[in-house]
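If you read the sequence shown in my numbering, its first letter stands for residue 177, the second for the next number, and so on.
Before any comments, here is the structure.
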Amino acid sequence: MDAGCCGLGGTYGFKKETYDVSVAIGQNLARTLREFGAPVVVSDCEGCRMQIKHLTGLEALHPVQLLRDAYGSNECKKSV
Numbered sequence: 177m178d179a180g181c182c183g184l185g186g187t188y189g190f191k192k193e194t195y196d197v198s199v200a201i202g203q204n205l206a207r208t209l210r211e212f213g214a215p216v217v218v219s220d221c222e223g224c225r226m227q228i229k230h231l232t233g234l235e236a237l238h239p240v241q242l243l244r245d246a247y248g249s250n251e252c253k254k255s256v
């Protein structure tokens, strides 16, 4: 789903003077994710995952975490 930028932009969203702009940019994505109704969001970007969780409260996973969970983390540990 391409619903736009999360708005965090590296350290941009962490700065006091640009925080409100960062949140405003991310609101379109947050609204789309809430409307979509998925219980979890997957992104390879750490900043996007933080911003998505902050703006929506949704669980935000890295694709590798999703694969780990799909294959069962206990089984993965046994094979190593």
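Glycine included, every Cβ here is placed at the ideal spot set by N, Cα and C.
Just verifying my parser: in three-state terms, what is the DSSP assignment at residue i?
i	result
Ala214	coil
Leu243	helix
Cys221	coil
Val256	No answer about Val256 holds up, because its pLDDT of 47 lies below 50 and its placement is not dependable.
Could you tell me the distance, in whole angstroms, from the CA atom of residue i to the CA atom of residue j?
i	j	result
Cys224	Gly248	25 angstroms
Ile201	Ala214	21 angstroms
Thr208	Gly183	14 angstroms
Val218	Val240	9 angstroms
Val256	Thr187	Reliability of the predicted coordinates at Val256 is poor, the pLDDT of 47 falling under 50, and the value obtained from them is presented with this limitation in mind. Answer to the nearest angstrom: the Cα atoms are 36 angstroms apart.
Thr194	Lys229	19 angstroms
Ser198	Lys192	10 angstroms
Ala236	Val216	6 angstroms
Should residue i be labelled buried (16 or more other beta-carbon atoms within 10 Å of its own) or exposed?
i	result
Gly189	buried
Gln227	buried
Leu231	buried
In this structure, what does DSSP give as the bridge partners for residue i?
i	result
Glu235	Val216
How about residue i and residue j: are their beta carbons less than 8 angstroms apart?
i	j	result
Leu205	Cys221	no
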